[in-house]
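Q: Here's a structure for you.
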Amino acid sequence: MTARLFSIYVFFHTLLAGCGPARSERGEAVDATESYEIGQIGKLGKHEVAESSGLALVNPAATEFWTHGDGGSPNNLYRVSRDGALLQTLTVEAASNRDWEDLARDPQGRIFIGDFGNNLNSRRDLRIFILDPAHPEKVDTIRFSYPDQHKFPPRKAGRNFDCEAFYFASDTLHLFSKNRGKGGLWTKQYTLPAHPGTYVATLRDSIELETWITAADISPDGRTVALLGYGFAYLFEGNPNQPVFDRHRARISLSSAGQAEALTFVSNTNFVFSNENGKMFEAQKKP
Numbered sequence: 003m004t005a006r007l008f009s010i011y012v013f014f015h016t017l018l019a020g021c022g023p024a025r026s027e028r029g030e031a032v033d034a035t036e037s038y039e040i041g042q043i044g045k046l047g048k049h050e051v052a053e054s055s056g057l058a059l060v061n062p063a064a065t066e067f068w069t070h071g072d073g074g075s076p077n078n079l080y081r082v083s084r085d086g087a088l089l090q091t092l093t094v095e096a097a098s099n100r101d102w103e104d105l106a107r108d109p110q111g112r113i114f115i116g117d118f119g120n121n122l123n124s125r126r127d128l129r130i131f132i133l134d135p136a137h138p139e140k141v142d143t144i145r146f147s148y149p150d151q152h153k154f155p156p157r158k159a160g161r162n163f164d165c166e167a168f169y170f171a172s173d174t175l176h177l178f179s180k181n182r183g184k185g186g187l188w189t190k191q192y193t194l195p196a197h198p199g200t201y202v203a204t205l206r207d208s209i210e211l212e213t214w215i216t217a218a219d220i221s222p223d224g225r226t227v228a229l230l231g232y233g234f235a236y237l238f239e240g241n242p243n244q245p246v247f248d249r250h251r252a253r254i255s256l257s258s259a260g261q262a263e264a265l266t267f268v269s270n271t272n273f274v275f276s277n278e279n280g281k282m283f284e285a286q287k288k289p
């Protein structure tokens with residue numbers, strides 16, 4: 003390629019990248035439904051935890067979980083058992099719940115609360131709260147914006163700046179958008195430093211799936227990223243250094259689980275998820 007042609011290529015590639023997700027072609031997902039056994043393990047009390055929207059482990063033993071209500075609910079974290087019994091209500095005084103959508107946990111047990119629900123794509127106060135559950139009075143905040151959003155809201159066709167899913171890995175937060183505009187069920191992957199501050203997120207990649215993405219997590223060994231949606235969970239499996247969407251993609255049908263909104267790994271292969279009605283399920287990989 004000549005220098006002139008290369009310059010033209012770079013110009014248009016940069017222009018397209020700024021206008022929307024890169025539409026790279028990837029193979030179809032392999033159906034892995036028969037490789038998993040999925041069953042209900044518990045039920046959250048709807049008067050205690052309305053519309054469970056995020057899940058994170060309290061401890062690596064995977065016997066207890068943190069969860070929370072959807073936007074407009076009290077600014078509480080709820081510690082629950084595997085069968086859904088409420089064990090503790092932790093009020094986070096310094097973190098209002100405008101639209102909490104997901105939880106992430108780091109190896110030290112700190113909890114990240116994603117207050118980044120953005121149904122109308124009009125928010126300018128996107129944020130992630132950071133706290134140690136042992137000291138809920140001290141809350142740090144990550145404030146951020148998207149590099150490719152320039153209007154609040156953008157035209158309806160370009161409303162791909164809602165987010166309901168993220169996870170922590172290697173001192174970085176990985177966020178996944180939910181396209182409320184036209185043009186397909188695209189999710190974009192952004193990253194942020196997992197430290198208090200004000201940032202412009204980095205757009206990493208994008209992919210079109212068959213559903214909106216409502217939760218995300220990464221396995222303890224870092225080899226599998228799970229994205230949850232309505233009716234499906236997607237597992238992106240491979241080398242932790244490999245881009246998420248370039249990994250082997252498996253799809254698990256969750257057709258009987260209702261509107262699933264929260265997910266967390268409990269081992270390198272198994273994960274627990276909940277739906278808006280408070281039912282808790284576990285997906286266990288068969289031997």
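In case it helps, the working numbering puts the sequence shown at residues 3 to 289. From the three backbone atoms N, C-alpha and C, an ideal C-beta is built for every residue, glycine too. Here the structure is a predicted model, which is why all the values come from computation and not from measurement.
Please list, in chain order, all residues of the same chain as Leu-187 whose beta carbon is under 7 Å from its beta carbon, the five residues on each side excluded.
A: The answer, listed in chain order, is Asn-181, Glu-210, Leu-211, Glu-212, Thr-213, Trp-214.
Q: If you draw a straight line from the alpha carbon of Pro-156 to that of Pro-149, how long is it in whole angstroms?
A: Near 13 Å, if we compare the C-alpha coordinates of Pro-149 and Pro-156.
Q: With which residues is Gln-90 paired in a DSSP beta bridge?
A: Beta-bridge pairing links Gln-90 to Arg-81.
Q: In this structure, does DSSP put Glu-139 in helix, strand or coil?
A: It is coil, neither helix nor strand.
Q: Given a cut-off of 9 Å on the beta-carbon distance, is the pair Asp-219 and Phe-131 in contact?
A: No. Outside cutoff.
Q: With a CB to CB cut of under 7 Å and the five nearest residues on each side skipped, what residues in its chain are close to Leu-89?
A: Within the same chain, Leu-89 has close Cβ partners Glu-66, Arg-81, Val-82, Ser-83.
Q: For Phe-168 and Asn-61, what's the separation of their Cα atoms in angstroms?
A: Going by the C-alpha atoms only, they are around 19 Å apart.
Q: Taking only the alpha-carbon atoms, compute the straight-line gap between Val-141 and Met-282 and give it to the nearest angstrom.
A: Using only the alpha carbons, I get a separation of about 28 Å.
Q: Just reading off the beta strand (DSSP E) that Lys-190 is part of, what are its end residues?
A: That run of the beta strand (DSSP E) goes 188-195.
Q: Where does Ala-228 sit, in a helix, a strand or coil, going by DSSP?
A: Note: Ala-228 maps to strand in three-state DSSP.
Q: In this structure, how does DSSP classify Lys-153 when only helix, strand and coil are distinguished?
A: Coil.
Q: Can you tell me whether Ala-159 is helix, strand or coil according to DSSP?
A: Ala-159 falls in the helix class under three-state DSSP.
Q: Drop a sphere of 10 angstroms on the beta-carbon of Val-246, count the other beta-carbons inside from all chains shown, and report buried for 16 or more, exposed for fewer.
A: Val-246 should be labelled buried.
Q: Buried or exposed: where does Arg-28 fall if 16 or more other Cβ atoms within 10 Å of its Cβ makes it buried?
A: Arg-28 is exposed by the Cβ-count criterion.
Q: For Thr-216, which three-state DSSP category applies?
A: Correct three-state label for Thr-216: strand.
Q: Is the distance from the Cβ of Pro-135 to the Cβ of Asn-99 below 9 Å?
A: Going by C-beta atoms, Pro-135 is not nearer than 9 Å to Asn-99.
Q: At a cut-off of 8 Å, would you count His-197 as near the ligand NAD, judging by its Cβ distance to the nearest heavy atom?
A: For the structure depicted, the ligand NAD is absent and the ligand set is empty, with no information on it obtainable.
Q: Could you give the first and the last residue of the continuous beta strand (DSSP E) run that contains Phe-238?
A: Its beta strand (DSSP E) spans residues 234-239.
Q: With DSSP run on the structure shown, which of helix, strand or coil describes Asp-2?
A: Nothing about residue 2 can be reported from this structure: the residues present for the chain run from 3 to 289 only.
Q: Taking DSSP as the reference, what is the three-state secondary structure of Ser-276?
A: Strand.
Q: Within 10 Å of its beta-carbon, does Leu-122 have 16 or more other beta-carbons around it, so buried, or fewer, so exposed?
A: By the 10 Å Cβ count, Leu-122 comes out exposed.
Q: Under a three-way DSSP split, which group does Thr-271 fall into?
A: If DSSP states are grouped into helix, strand and coil, Thr-271 belongs with coil.
Q: Rounded to whole angstroms, what is the Cα-Cα separation between Phe-267 and Ala-228?
A: Answer to the nearest angstrom: the Cα atoms are 8 Å apart.
Q: To the nearest angstrom, how far is the alpha carbon of Thr-91 from that of Glu-30?
A: Each residue's alpha carbon lies about 42 Å from the other.
Q: Quick one: what's Thr-35 bridged to in DSSP?
A: DSSP, once it has assigned bridges, lists no residue as partnering Thr-35.
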